[in-house]
Amino acid sequence: MKTKIRKDDKVMVIAGKDKGKIGKVLKILPKKDTVLVEKVNMVQRHTKANPYAQQPGGIIEKEAPIHVSNVAVVCDACTKPTRVGYKKTEDGKKLRYCKKCNEVFK
Numbered sequence: 020m021k022t023k024i025r026k027d028d029k030v031m032v033i034a035g036k037d038k039g040k041i042g043k044v045l046k047i048l049p050k051k052d053t054v055l056v057e058k059v060n061m062v063q064r065h066t067k068a069n070p071y072a073q074q075p076g077g078i079i080e081k082e083a084p085i086h087v088s089n090v091a092v093v094c095d096a097c098t099k100p101t102r103v104g105y106k107k108t109e110d111g112k113k114l115r116y117c118k119k120c121n122e123v124f125k
């Protein structure tokens, strides 16, 4: 499934325990249709120390993936969660735009 969400997009969680939180997309996992959002859906993992990789052991907090359907892109112009549409320019480029205010995303 091809998603309309890209890395470094500002998104809002629209369903789940973190509903209403806004963060930046860190990573997209297309095989599972999930995204990693900064400081959202935090989980704790108990890890063993790895001296070869200079990793300390202990309890580490990190982001867990969220399904793509549970996040919406936040428009910079109207500051609302919105759907994404596509426009083609005269030179053949495909641009993403906000469906609420018709502003083109960066």
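All residue numbers for the sequence shown refer to my numbering, where the first residue is 20 and numbers rise by one.
Cβ coordinates follow ideal geometry from the N, Cα and C atoms, glycine included.
Own chain partners of residue i with C-beta closer than 7 Å, once the 5 adjacent residues on each side are dropped
{"i": "T98", "result": "none"}
{"i": "I33", "result": "N89, V90, A91 and P100"}
{"i": "K107", "result": "K113"}
{"i": "K67", "result": "G76"}
Bridge partners - residue i, DSSP secondary structure assignment
{"i": "Y105", "result": "R115"}
{"i": "R25", "result": "DSSP output for R25 lists no bridge partner at all."}
{"i": "L48", "result": "T53"}
6 Å CB neighbourhood of residue i in its chain, flanking five on each side removed
{"i": "G42", "result": "V56, E57, K58 and V59"}
{"i": "A83", "result": "N60 and V62"}
{"i": "V103", "result": "K23, V92 and R115"}
Burial state of residue i (16 or more Cβ within 10 Å)
{"i": "K120", "result": "Here the sequence assigns Cys to residue 120, which means Lys is not the residue at that position. Under this definition C120 is an exposed residue."}
{"i": "V123", "result": "exposed"}
{"i": "A91", "result": "buried"}
{"i": "T53", "result": "buried"}
{"i": "I85", "result": "buried"}
Same chain, Cβ closer than 8 Å to residue i, neighbours up to 5 away in sequence not counted
{"i": "D95", "result": "K29, E122, F124 and K125"}
{"i": "L48", "result": "V54, L55 and P84"}
Residue i (DSSP reduced to helix, strand or coil)
{"i": "K43", "result": "strand"}
Going residue by residue through the segment 50–105, where are the continuous beta strand (DSSP E) segments of at least 3 residues, counting only ones entirely within it?
53–56, 61–66, 77–82 and 90–93
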